[in-house]
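Data block below; observations after.
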Amino acid sequence: YNHSCSPNFDHDYVKNGSYAMKDIQKGDELTHFYPANEWEMAESFYCQCNSKECIGYVGGTKYLPIGRINELMPFIAPHCKVL
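In the numbering used here, the protein residues as written are 1480 to 1562.
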């Protein structure tokens, strides 16, 4: 899977599984919001997903504006919430 600021699946760290966030059709690329599960990414990059939610710089939860973190709180991994 690849990164998207408007992903179609997420990980549930409590239930230890993944789930669709929107309909995924056969042949669709699976996409995940990378900063949701990494506090600071080893290899950051500039996103080119072109979604209206695009954050631009993808460096980890640490680099998200606090407002965006609050919006995404249900999807952020527990280990990133405590940092």
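Glycine included, each C-beta is placed from N, C-alpha and C at the ideal position.
Using alpha carbons as the reference points, say which of the options lies closest to residue i.
{"i": "C1484", "options": "V1561, F1524 and K1560", "result": "F1524"}
{"i": "P1557", "options": "H1490, Y1480 and H1482", "result": "H1490"}
{"i": "K1494", "options": "V1561, F1554 and L1562", "result": "F1554"}
{"i": "G1539", "options": "I1545, N1549, M1520 and P1486", "result": "M1520"}
{"i": "G1535", "options": "Y1513, E1508 and W1518", "result": "Y1513"}
{"i": "H1482", "options": "E1517, K1505 and Y1492", "result": "E1517"}
For residue i, I'd like the list of residues in its chain whose CB is within less than 7 Å of its CB, leaving aside the five on either flank, ordered along the chain.
{"i": "C1533", "result": "C1484 and C1526"}
Hey, how far is the Cα of residue i from the Cα of residue j?
{"i": "F1488", "j": "K1541", "result": "21 Å"}
{"i": "M1500", "j": "P1486", "result": "7 Å"}
{"i": "I1503", "j": "C1528", "result": "17 Å"}
By a C-beta neighbour count over all protein chains shown, 10 Å radius and 16 as the cutoff for buried, is residue i buried or exposed?
{"i": "P1544", "result": "exposed"}
{"i": "N1549", "result": "exposed"}
{"i": "A1515", "result": "buried"}
{"i": "V1561", "result": "exposed"}
Identify, in the order they occur along the chain, each residue of the same chain with its Cβ nearer than 6 Å to the Cβ of residue i, setting aside the five sequence neighbours on each side.
{"i": "G1506", "result": "none"}
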